[in-house]
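Read the structure below first, then the notes.
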């Protein structure tokens, strides 16, 4: 198998997308509610991930 | 409903205040039998072994497909990024916990092992992320199996 080389942000995007879809599907019944929950979860993954990245930035070097 | 009668042991049995005392029927709590749990447990185990299969048995097709693809894609990415796939008999608690999480993917654990022909490489960030992807796939599948169990018991849909 060819090794995948993803940037940090690409990995974050893929992770957030997959998990958000699963959370939305498992957590809600109606399609529109699933979509809303998945979108909210995806946005929160990204926001928290980027915020934590910036918080750690001063200690990275 | 259980109807009860009480003996009138009062020294004044003719007292209408005592004779007409009514007893509220007790609520009966039907104990959930172990027999009805067996199919739900079987569905949960099936869902664990093959991601999404538990929901497929319950004819929850959307959830079944989503779980199958999500867990499968996470395993594929984790193995492709050369994440560490833990093996049994780890030295410390983290290795044992990691193995438990990886084993949560069920049959996909062996798929990941077959995909990861070059072995893990956690000297780079990709490999470290891959380890997390694999563990997350396992935990997500366990969550889905638990959801299928609850749905089979009609406590969640």
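Residue numbers (my numbering), protein chains in the order written: chain A, 1 to 61; chain B, 1001 to 1157. Ideal placement from N, C-alpha and C gives every residue a C-beta, glycine not left out.
Here the segment 1081-1100 of chain B makes contact with the segment 1127-1144 of chain B; the two share three or more CB pairs at distances below 8 angstroms. Residue 1054 of chain B and residue 27 of chain A have their C-alpha atoms spaced approximately 16 angstroms apart.
Within the model, the alpha-carbon separation for residue 1120 of chain B versus residue 1129 of chain B is close to 11 angstroms. Sequence-distant partners of residue 1078 of chain B (beyond 5 residues in either direction) whose C-beta falls short of 6 angstroms from its own C-beta, in its chain, are 1130, 1133 and 1134. Within the same chain, and ignoring the five residues on either side of residue 1043 of chain B in sequence, the residues whose Cβ sits closer than 7 angstroms to its Cβ are 1054, 1057, 1058, 1148, 1149 and 1152. When 8 angstroms is used as the limit between beta carbons, residue 1079 of chain B is near these residues of chain A: 1, in chain order. Taking 7 angstroms as the cut-off between beta carbons, the residues of the segment 1045-1071 of chain B near chain A are 1062, 1063, 1066, 1067 and 1070, in sequence order.
Residue 1105 of chain B and residue 25 of chain A do not touch by the CB rule: their CB atoms are close to 18 angstroms apart, not below 8 angstroms.
Going by beta carbons, residue 12 of chain A and residue 49 of chain A fall inside the 8 angstroms limit. 11, 14, 15, 18, 19, 21, 22, 25, 26 and 29: these are the residues of the segment 9-33 of chain A whose beta carbon lies less than 8 angstroms from some beta carbon of chain B, given in chain order. In this structure, the straight-line span from the alpha carbon of residue 1091 of chain B to that of residue 1085 of chain B is close to 14 angstroms.
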